[in-house]
């Protein structure tokens, strides 16, 4: 019994210690003025993290928009309210689905790659040799990736929403025959830029920070063996998915829960 | 022969978890010489290099490089001290996303504002010194182990450091590249006036170039002296190591319960 309590306490301490390390890690790598070299490295990472994630995010956005329109139509048509399809598609995408699904896809596509890349650099002593050359790997390797993820995901989320709305249009208007004017006008009259688009972007920024932070920290902090790398990549995807879904609930409660 | 030591290690203690790795290690590395640190595998020779390079922090004791206490420096001061050090890693540790040329140019690019043409000249000179000027376009994945280590050596000396740390430079090399590396380390040390610390357990190669040798085992300095004096050292542990005898005071067997006892499994172990 005592042993169990001791183990519980110890694992609690371990969790706190890891959180502390992660916090220090974030502060050390993200604070500081960018150099010209840093901007170039950041652009390179924007390509790997952002541009190369574009295809999966946009295709998923299209399908999610199409499914939303299809499902929404079958429900709305029972009430004769299929004119409101545009509103339904746009609001679900902007408030919830775009930030959340884009973040989940991003964690799987870019987050796991970041973890594996940094982890392998650690395992092959590239990070240590960089330190010995007198270059801080936190600033040279981690910071550009962190900032790239932080900027890329919100942009991807915008793309997701745009393509999703178009997917809804394809299914709702072109296929199911909802009047085109009402699809767009219901959207225009109901979507509030600050409350819907703005809050969605805030969510996306939070998710971007959390997912990228988890990914680079897991890579930097892993045990440098092949098993350690595989575990860390798994942890990146699991932790960031859970963090995204959990934070989404909290943020939704604060933004749309009627507290204010 | 020890006039002004460039690196001083004083009463160093270090442990990993409950396992004590160093228990009061002290050594002095004279300027401009090759000092070898030898010892059986698993005695923490690489750990010692990491302590000297400031990547690990000791539990007690100090490491002084050019009079500066490595572990009392701020992160910034430590990084600027490291510009004066080069380290050759066991794996080479080349940046896998950069070509051979860019790997050697890396320290120059990040630490100097030299014009492109001068960086090119310097890199080619370093690559010429290790005999790989022709391989500059290759990527690290295309190099053999020996070539990778020579490129890493060129990178380690790119900034003309005062101190170069070699971590097991001869391990896993064929006889030819071993010979090449021995030559290179010796020649570079003489030509550039470097202070070198070579961590190794390859006795022949190391003794042939070292000016002074420290043998560490069981967390302590077991013996030190010039290669000649170690060769005739009477201490059975030193002589076992230097002459490569399989069993002796340093046991062949990892500590284990009595063999007969274990085979008959009298204690019901798994």
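Residue numbers (our numbering), protein chains in the order written: chain A, 101 to 360; chain B, 1348 to 1617. All C-beta atoms, glycine included, are put in the ideal place defined by N, C-alpha and C.
For residue i, the residue or residues it bridges with in DSSP
i	result
residue 1560 (chain B)	B:1383, B:1572
residue 1412 (chain B)	B:1354, B:1415
residue 1375 (chain B)	B:1355
residue 1546 (chain B)	B:1384, B:1514
residue 1366 (chain B)	B:1363
residue 1433 (chain B)	B:1511
residue 1300 (chain B)	With chain B running from 1348 to 1617 in the structure shown, residue 1300 (chain B) is simply not present.
residue 1567 (chain B)	B:1564
Interface partners of residue i on chain A, CB under 8 Å
i	result
residue 1440 (chain B)	224, 225, 226, 228, 229
residue 1548 (chain B)	By Cβ distance, chain A contributes nothing, its closest Cβ being about 19 Å from residue 1548 (chain B), past 8 Å.
Cβ-Cβ separation, residue j to residue i (assumed contact under 8 Å), whole Å
i	j	result
residue 1482 (chain B)	residue 1435 (chain B)	Incorrect: roughly 17 Å between the Cβ atoms, too far for contact.
residue 332 (chain A)	residue 310 (chain A)	The pair is not a contact, with the Cβ atoms about 16 Å apart (cut-off 8 Å).
residue 1509 (chain B)	residue 1542 (chain B)	6 Å
residue 210 (chain A)	residue 249 (chain A)	7 Å
residue 1369 (chain B)	residue 1389 (chain B)	The pair is not a contact, with the Cβ atoms about 13 Å apart (cut-off 8 Å).
residue 207 (chain A)	residue 337 (chain A)	6 Å
residue 1363 (chain B)	residue 1405 (chain B)	Going by Cβ atoms, the distance from residue 1363 (chain B) to residue 1405 (chain B) rounds to 12 Å, so no, they are not a contact pair.
residue 1488 (chain B)	residue 1470 (chain B)	Between residue 1470 (chain B) and residue 1488 (chain B) the Cβ distance is about 20 Å, and since that is not below 8 Å, they are no contact.
residue 1412 (chain B)	residue 1557 (chain B)	Actually they do not touch by this definition, with Cβ atoms about 19 Å apart.
residue 1569 (chain B)	residue 1560 (chain B)	Not really, about 11 Å apart at Cβ, beyond 8 Å.
residue 1498 (chain B)	residue 1441 (chain B)	6 Å
residue 329 (chain A)	residue 219 (chain A)	4 Å
residue 1501 (chain B)	residue 1461 (chain B)	Actually they are not in contact, since the Cβ atoms of residue 1501 (chain B) and residue 1461 (chain B) sit about 16 Å apart, beyond 8 Å.
residue 65 (chain A)	residue 183 (chain A)	In the structure displayed, chain A extends from 101 to 360; residue 65 (chain A) sits before or after that span and is not available.
residue 1547 (chain B)	residue 1516 (chain B)	7 Å
residue 252 (chain A)	residue 149 (chain A)	5 Å
Contact set between residue i and chain A, taken where Cβ atoms lie within less than 9 Å
i	result
residue 1443 (chain B)	220, 221, 224, 226
residue 1430 (chain B)	233, 234
residue 1434 (chain B)	228, 229, 232, 233
residue 1369 (chain B)	Near residue 1369 (chain B) there are no residues of chain A at all, since even the closest Cβ is about 19 Å away, more than 9 Å.
residue 1458 (chain B)	233, 234, 235
Any non-hydrogen atom of the ligand GDP closer than 7 Å to residue i Cβ
i	result
residue 120 (chain A)	Among the components of this structure there are no ligands whatsoever, and the ligand GDP is therefore not found.
Contacts of residue i in chain A (Cβ-Cβ under 7 Å)
i	result
residue 1454 (chain B)	233
residue 1600 (chain B)	Near residue 1600 (chain B) there are no residues of chain A at all, since even the closest Cβ is about 26 Å away, more than 7 Å.
Inspect the CB distances between the segment 1547-1557 of chain B and the segment 1365-1376 of chain B and report whether three or more fall short of 8 Å. no
Counting beta carbon pairs with one atom in the segment 288-305 of chain A and one in the segment 190-209 of chain A, are three or more of them shorter than 8 Å? yes
Taking a Cβ distance cut-off of 7 Å, strictly less, list which residues of the segment 1492-1507 of chain B are near chain A, in chain order. Of all residues in the segment 1492-1507 of chain B, none has a Cβ within less than 7 Å of some Cβ in chain A.
Determine which residues of the segment 1466-1489 of chain B have a Cβ less than 8 Å from any Cβ of chain A, and write them out in chain order. none
Quick one: which residues of the segment 1378-1390 of chain B get their C-beta closer than 8 Å to a C-beta of chain A? List them in chain order. Cβ contacts with chain A come from no residue of the segment 1378-1390 of chain B.
Identify each residue in the segment 228-247 of chain A for which the Cβ-Cβ distance to at least one residue of chain B is less than 7 Å, and report them in chain order. 228, 229, 231, 232, 233, 234, 235, 236
Cβ pair count under 8 Å reaching 3, the segment 154-170 of chain A against the segment 195-204 of chain A: Yes, the segment 154-170 of chain A touches the segment 195-204 of chain A.
Contact between the segment 251-268 of chain A and the segment 165-180 of chain A (3+ Cβ pairs under 8 Å): yes
Contact residues within the segment 1395-1409 of chain B, judged by C-beta distance below 9 Å to chain A: 1397, 1400, 1401, 1402
Note down, in chain order, all residues in the segment 1557-1576 of chain B with a beta-carbon under 8 Å from any beta-carbon belonging to chain A. none
Decide if the segment 111-122 of chain A is in contact with the segment 172-188 of chain A; the criterion is three or more beta carbon pairs, one per stretch, under 8 Å apart. no
Take every Cβ of the segment 1479-1497 of chain B, pair it with every Cβ of the segment 1415-1429 of chain B, and state whether three or more of those distances are shorter than 8 Å. Flag = no, the segment 1479-1497 of chain B and the segment 1415-1429 of chain B do not touch.
Scan the segment 1408-1426 of chain B for residues whose Cβ lies nearer than 8 Å to a Cβ of chain A and list them as they occur along the chain. 1422, 1426
contact_flag[the segment 236-252 of chain A, the segment 213-220 of chain A] where n(CB pairs < 8 Å) is 3 or more: yes
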